[in-house]
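Peer 1: Chains A and B, in that order, are what the protein sequence lines are. Numbering-wise, our numbering puts 63 at position 61 of the first sequence, and it's gapless, one number per residue. Numbering-wise, our numbering puts 346 at position 357 of the second sequence, and it's gapless, one number per residue. Don't be surprised by glycine CBs; every beta carbon is placed ideally from N, CA and C.
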Amino acid sequence: MNRPDPGMTTTTPHVRPGPGVPVVEMRGINKWYGAFHALRDIDLQVAPGERVLICGPSGSGKSTLVRVVNLLEPFQQGRLQVCGVEIGAEAITRAARLAVNRRVGMVFQQFNLFPHMTVLQNLMVGPVWGAGVSRHEARQRALRYLERVGLMDQIDKHPAQLSGGQQQRVAIARTLCTQPQVVLFDEPTASLDPEMVNEVLQTMESLASEGMTMLIVTHEMGFARRVADRAIFMDQGQIIEIAPPDDFFDRPQSPRLQTFLGQLHA
Amino acid sequence: MTRFVRRTPIEPRHAPVDATAALVRWRRIWFASPAMGTLSLLLTAAFIVCAWRFFQWAIVHAHWRGSSSDACPGDAGACWAFIVARWKPWLVGDYPSDQLWRAWACFATFALLWIWVVRRPPAASVQRVLLGFILLPIAFFLLLVGGGPLPAVAPARWGGLLLTLVVSLATFATALPIGLGLALGRRSRRPVLRGLCAAFVEAMRSVPLLAVLFIAATLLPMFLPNGSNVGLFARALVAFALFNAAMAAEVFRGGLQAVGRGQLEAATTVGLSDFAALRLIVLPQAVTAVVPALVNIMIAVIKETTLLSVIGVNDLLGAVENGAKSPGWVGEPNILTSGHVFLALVYLAVCSALSRYSRRLEARR
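(1) Please specify which runs of the alpha helix (DSSP H), each continuous and at least 4 residues long, are wholly inside the stretch 168 to 211 of chain A, giving them in chain order.
(2) Go ahead and pull the three-state DSSP assignment for residue 219 of chain A.
(3) Have a look at A:193, A:170, A:184 and flag the residue whose alpha-carbon is nearest the alpha-carbon of residue 212 of chain A.
(4) Between which residues of its own chain and residue 210 of chain A is the CB-CB distance below 7 Å, once the five residues before and five after are set aside?
(5) Taking a Cβ distance cut-off of 9 Å, strictly less, list which residues of the stretch 268 to 293 of chain B are near chain A, in chain order.
(6) Quick one: what does DSSP say residue 300 of chain B is sitting in, helix, strand or coil?
(7) Kindly indicate if chain A contains any beta-carbon less than 8 Å away from that of residue 261 of chain B.
(8) In chain order, what are the residue ranges of uninterrupted alpha helix (DSSP H) at least 4 long that sit wholly in the stretch 172 to 224 of chain B?
(9) Would you call the CB atoms of residue 270 of chain B and residue 116 of chain A closer than 8 Å?
(10) Which of the three DSSP states, helix, strand or coil, is assigned to residue 40 of chain A?
(11) In this structure, how does DSSP classify residue 21 of chain B when only helix, strand and coil are distinguished?
(12) Output the distance between the C-alpha atoms of residue 77 of chain A and residue 88 of chain A, rounded to the nearest integer angstrom.
(13) Quick check on residue 83 of chain A: does DSSP put it in helix, strand or coil?
(14) Identify every residue that forms a DSSP beta bridge with residue 88 of chain A.
(15) Pick helix, strand or coil for residue 233 of chain A, following the three-state DSSP scheme.
(16) State buried or exposed for residue 7 of chain A, treating a residue as buried only when at least 16 other CB atoms are found within 10 Å of its CB.
(17) Cβ of residue 2 of chain A less than 8 Å from any chain B Cβ?
(18) Roughly how many angstroms lie between the CA atoms of residue 179 of chain A and residue 164 of chain B, to the nearest whole one?
(19) From the beta carbon of residue 351 of chain B, is the nearest beta carbon of chain A less than 8 Å away?
(20) If you follow the alpha helix (DSSP H) that residue 291 of chain B is in, where does it begin and where does it stop?
(21) Which residues of chain A have a Cβ atom closer than 8 Å to the Cβ of residue 387 of chain B, listed in chain order?
(22) Can the beta-carbon of residue 194 of chain A be found less than 8 Å from the beta-carbon of residue 224 of chain A?
(23) If residue 219 of chain A sits next to residue 250 of chain A, beta carbons under 8 Å apart, how far is it from one beta carbon to the other, in whole angstroms?
(24) Thinking just about the alpha-carbon of each residue, which of B:136, B:60, B:170, B:12 is nearest to the one in residue 323 of chain B?
(25) Following the continuous alpha helix (DSSP H) through residue 103 of chain A, name the residue where it begins and the one where it ends.
(26) Can a CB atom of chain B be found closer than 8 Å to the CB of residue 160 of chain A?
(27) Whole angstroms are fine: how far does the CA of residue 257 of chain B sit from the CA of residue 276 of chain B?
(28) Compare the C-beta of residue 260 of chain A against all C-beta atoms of chain B and say whether one is closer than 8 Å.
(29) Would you verify that the beta carbon of residue 184 of chain A is, or is not, closer than 8 Å to some beta carbon of chain B?
(30) In whole angstroms, what separates the C-alpha of residue 119 of chain A from that of residue 187 of chain B?
(31) Between B:144, B:4, B:55, which lies nearest to residue 221 of chain B when the distance is taken from Cα to Cα?
(32) What ranges does the beta strand (DSSP E) occupy inside the stretch 27 to 71 of chain B, keeping only unbroken runs of at least 3 residues that lie completely in it?
(33) In three-state terms, what does DSSP make of residue 30 of chain A?
(34) Report the CB separation of residue 237 of chain B from residue 168 of chain B in whole angstroms; it is logged as a contact under 8 Å.
(35) Just the Cα atoms here: how many angstroms apart are residue 75 of chain B and residue 52 of chain B?
(36) Helix, strand or coil for residue 253 of chain A per DSSP?
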């Protein structure tokens, strides 16, 4: 088994880096899919407790960017620092991926709940088999987070028995159960029916109000304006503009962001 | 545009009842058109003629009692006396008479397992069934071989239905894990392992089972070191296991592909290692998805066991054929025909039961 060294697997995940030390730090990250240059010279720092919005047209590399943060996608150039784990492009090993993923949570567009498990089992499997938490402790955690997302009555159901919004809330609770230092959201409401979008956004908003560090790819601009500390606009694999939400939405500087926002409001 | 606002909601109503008369419906099924009607009549007539002839042969003119071919003169009726009198060879082969309880125990245990499998609540995990099918043949093997307080009985003395049962179960128990290993090997990141697994599976899939059996029976002893006495039975088992492992590998490969990439990614992001993700997330879904296909493999294995008689292992087919050559029963061709018909009925009963079970598993999902 490729366990990382013992210091990395301690079950005290809320040890945060000191003030000023970024939770996520990308330095000159480049990624190619074959010949296609998907991420170009990405430099980005995310401070503890910061909420960063990432938006851009489809194919602009925003999903790829967050998937690089937890090493679901490898990159070919640059350096990455996530929650104190340093990874160079040349050293993306299984052990590094495991170490990063035990500190980073992720919420997917397609929920990706485990269909053969009940809601409770979905929440417990990570802590028990990944972090080595006792079943009792994992169960307590699961109940706590289920309570928070308001799904205590669905505990023994299977994902297929839940609505899309409920599934996504379970997915959020599942990632919280691993007690991440930063949570990545990859278009969490994009595959939901309109009437279910709000319940998920509210869950995310309450998470933000508790100081969770979040990287959010979304097209929900109203939500982004309320929650984000910084907004990033990407196009063609590059970061085009970074600004506080008010400036970002009301006084966009780059012409491409102006066009993009114009299309959203049309 | 005129405006429409509904003020009174529409209550749900019952679906209309199909009022077509039974006779009309019957006519639609059997006589949809003149051509179809003719075809229906012809097929029905053919079926009645065949069924009547078979009934005459198998029941009316059949011979039920007797201990030699004298009991079955002519070929107007089936010679069931042959089957009745030689019950022991086709049930258990040459198994010692004073140790027969061991064979009966195997049959009874299997019957109990099968009843449990069929009656088990639909929600129960299907993986326990698979586990049962893997553990049972090991227990059977140990019980039948004996040793310790039980007198040893060489596999060469096993035969008939008992042998067919043991070979089928043992094949299932060995081919499934090996097949799973091969399927995982084909997904490995290591090119050498991946290539070897793929080559093995493709080779086995391109060769008839009979050829594999002949190789195991005749060619293999030449490669083994002198004096290593690997019995024909064991070699046949290995051939069966490897051949069907290749079949199972393809089934498992399909099951593994059916589990989406997102599942593995989600497993990674909740902190599971690759091995834990495979064991807890991917395999349970992959295996559940292919259980009907695995049952189909089992049906194929049961039918393939008849090939064992070709290399001289005394399976159900071999027992019946040898019986027709034994001193008391030689001569009448009708006797061997009766034996073959009886075999067909046995295989039909076993395999159709399995295939019905497989269809039920599919419907359950």
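Peer 2: Reading from the atomic positions:
(1) Here the runs fully enclosed are 196 to 211.
(2) Residue state, collapsed to three classes: strand.
(3) Comparing Cα positions, the closest option is A:184.
(4) Exclusion of the five residues before and after residue 210 of chain A leaves 53, 216, 229 as the residues of its chain whose Cβ lies within less than 7 Å of its Cβ.
(5) Answer set for the stretch 268 to 293 of chain B: 268, 269, 270, 273, 274, 277.
(6) If DSSP states are grouped into helix, strand and coil, residue 300 of chain B belongs with the helices.
(7) For residue 261 of chain B, the answer is yes, since a Cβ of chain A falls inside 8 Å of its Cβ.
(8) Runs found: 180 to 194, 198 to 203, 209 to 212.
(9) Against a cut-off of 8 Å, the Cβ pair of residue 116 of chain A and residue 270 of chain B comes out as a contact.
(10) The answer is strand: DSSP assigns residue 40 of chain A an E or B state.
(11) If DSSP states are grouped into helix, strand and coil, residue 21 of chain B belongs with coil.
(12) The alpha-carbon of residue 77 of chain A is positioned some 14 Å away from that of residue 88 of chain A.
(13) In the structure shown, residue 83 of chain A sits in a strand (DSSP, three-state: E or B).
(14) Listed as beta-bridge partners of residue 88 of chain A by DSSP are A:83.
(15) DSSP, read as helix, strand or coil, puts residue 233 of chain A in strand.
(16) Confidence is the limiting factor: at residue 7 of chain A the pLDDT is only 42, short of 50, which leaves the residue's position unreliable, though a coordinate-based value still follows. By the C-beta density criterion, residue 7 of chain A is exposed, having fewer than 16 other C-beta atoms within 10 angstroms.
(17) Any property of residue 2 of chain A remains undetermined from this structure, which presents chain A solely from 3 to 268.
(18) Roughly 39 Å between the two C-alpha positions.
(19) Residue-level contact check: residue 351 of chain B does not touch chain A, since none of the beta carbons of chain A fall below 8 Å from its beta carbon.
(20) For residue 291 of chain B, the enclosing alpha helix (DSSP H) has its first and last residue at 272 to 293.
(21) It is not possible to answer for residue 387 of chain B, since the shown part of chain B is limited to -10 through 354.
(22) In this structure, residue 224 of chain A does not lie closer than 8 Å to residue 194 of chain A by Cβ.
(23) Distance from residue 219 of chain A to residue 250 of chain A at the Cβ level is roughly 15 Å; contact not present, criterion being Cβ atoms closer than 8 Å.
(24) When each option's Cα is compared against that of residue 323 of chain B, the closest is B:60.
(25) Start and end: 96 to 103.
(26) At a cut-off of 8 Å between beta-carbon atoms, residue 160 of chain A makes no contact with chain B.
(27) Cα to Cα, residue 276 of chain B sits roughly 20 Å from residue 257 of chain B.
(28) Taking 8 Å as the CB threshold, residue 260 of chain A stays off the interface with chain B.
(29) For residue 184 of chain A, the answer is no, since every Cβ of chain B falls outside 8 Å of its Cβ.
(30) Each residue's Cα considered, the two are about 32 Å apart.
(31) Nearest C-alpha to residue 221 of chain B: B:144.
(32) Here no run is fully enclosed.
(33) Three-state DSSP puts residue 30 of chain A in a strand.
(34) Between residue 237 of chain B and residue 168 of chain B a beta carbon distance of about 3 Å is seen, short of the 8 Å cut, so the two are scored as contacting.
(35) Computed Cα separation, rounded: 14 Å.
(36) In this structure, residue 253 of chain A counts as coil in the three-state DSSP scheme.
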